[in-house]
Every structure is written in C-alpha cells, then in structure tokens.
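Count along the sequence shown from 1, add 96, and you get the number used in the numbering used here.
The next block holds one structure in the form of structure tokens; read it before the comments.
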Amino acid sequence: MRKILLLTFLGLSCCTSDKKEAKTTEEQEIASIENEFNAYLDLLPTLTLPFETNCEKCCDHLKVDYANELINKFKPEGTVIVGLVSRTESRAIILVTYSADMIIPSLKVYDLIGNLTGDMTFMTNYCGGEPGFYSRQFFRINSNISLTQIDTLYETTFDSLTYHTLDTTNIEITKKNFRINEKGEIVEVNAR
C-alpha cells in the first residue's frame, strides 16, 4: 500500500512541475511580447491633445522610423502612423491614416501585449462639393481622450449657366461623440 501511495505521489509531483514549467514558459513569452510592444510604443511620436483635423487637411504625419523592425512588426498593414495618442497602465491608443481618395484617420486601441481591442475609422463620408451640394467633415480627439466627429452637408440651388449659388436650401449637421470603454472598445456616446 505504501508503494502505491509513493508512486502516486511521485506521479502527481512530476505532472505538477511540468505544468509549472509550461505556465512559466507561457508567461515569459507574454512578457517578451509585452516588452516588444512597449518598446514599439516608445518609438512612436506623441500627439499633442486636443488634436483636430478635417477632410480638407487631414493629419500632419510626424517622423517615424519605418526601417525599424518593431515599427514594421506592429504597424497595422496599409497604414501610416500619425502618433501615439495615449498610453495608460492597461492600454495604448494610436492614430493612423489610410490612403484613399483622401487621407482617412483611424484610431486603434491596444492592450499592452499588442492585441487590438478597439478600432474605428473616421471621416469616411464624401467630402467636397459639386453644384448644388457641399460636404465637410471634422474630427477631434479631446484632451480627455473623448472623440468628436462632425459632418456638415449643404444643399443649394444654383444658376445652371453660371454655376453661382443662388440660395442654400438645406443644411444638415451631424455630431457624434465617442469614448473608449473599459474593454478598450470605441463606442458612441448618446447614440440615438
């Protein structure tokens, strides 16, 4: 009976040490990734808040070393980095842009291991004008990391021979406010 108990105890102690070693290895890998991601964040220029942009002049891009391995490892594909918006004990917020007919800002929220928890692209509506129609967009990152997007649409009547505007028939202003919740997701505030 003692031999059975001794063999059982030895078997359990062997399994326990393997689990501890596996857990330790996993923790070391997570710590390594976290250290790399934090080193990446250290390489990014920091934005001055409040940060404002509009569709006619989107985003001055600060200097980023795109030849750096960490920048290439963590930079979202197809983007250009504008800068680090904020870094706390639990998350990092980065502003990037996508190139399209115009430059489109996008906010990325990460945990400190580098997992994307929130992502939202702003100023995606038509911007500009043509006879009878004019649209503008505005985006702001406030000092408290709340976000505001304003879209303005003007409809006018015009002289079809001279293309001069005769009268404004409709003005539509849409304002949306966003914040980052506890999970790191970007959510609309006071959504109707």
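Glycine included, C-beta positions come from ideal geometry on N, C-alpha and C.
All figures in this text were calculated on a predicted structure; none of them were measured in a lab.
In the displayed model, I167 falls within a helix according to three-state DSSP.
Cβ-Cβ distances below 6 angstroms link I189 to V181, S182, V205 in the same chain, with the five nearest sequence neighbours on each side left out; the list follows chain order. When P201, E132, A196 are compared, the shortest CA-CA separation from I167 is found for E132. Comparing C-alpha distances from I209 to each of L243, G280, Y222 shows the shortest one belongs to G280.
When DSSP assignments are scanned along the region 137 to 189, the uninterrupted stretches of alpha helix (DSSP H) that are 4 or more residues long and fall wholly within it turn out to be 165 to 170. Judged by DSSP secondary structure, N286 falls outside any beta strand (DSSP E); it is assigned neither H nor E. In the same chain as R232, and ignoring 5 residues on each side of it, the C-beta atoms closer than 6 angstroms to its own belong to T248, in chain order.
Under the three-state reduction of DSSP, E278 is assigned to coil, being neither helix nor strand. One Cα belongs to K159, the other to T175, and the distance between them is close to 14 angstroms.
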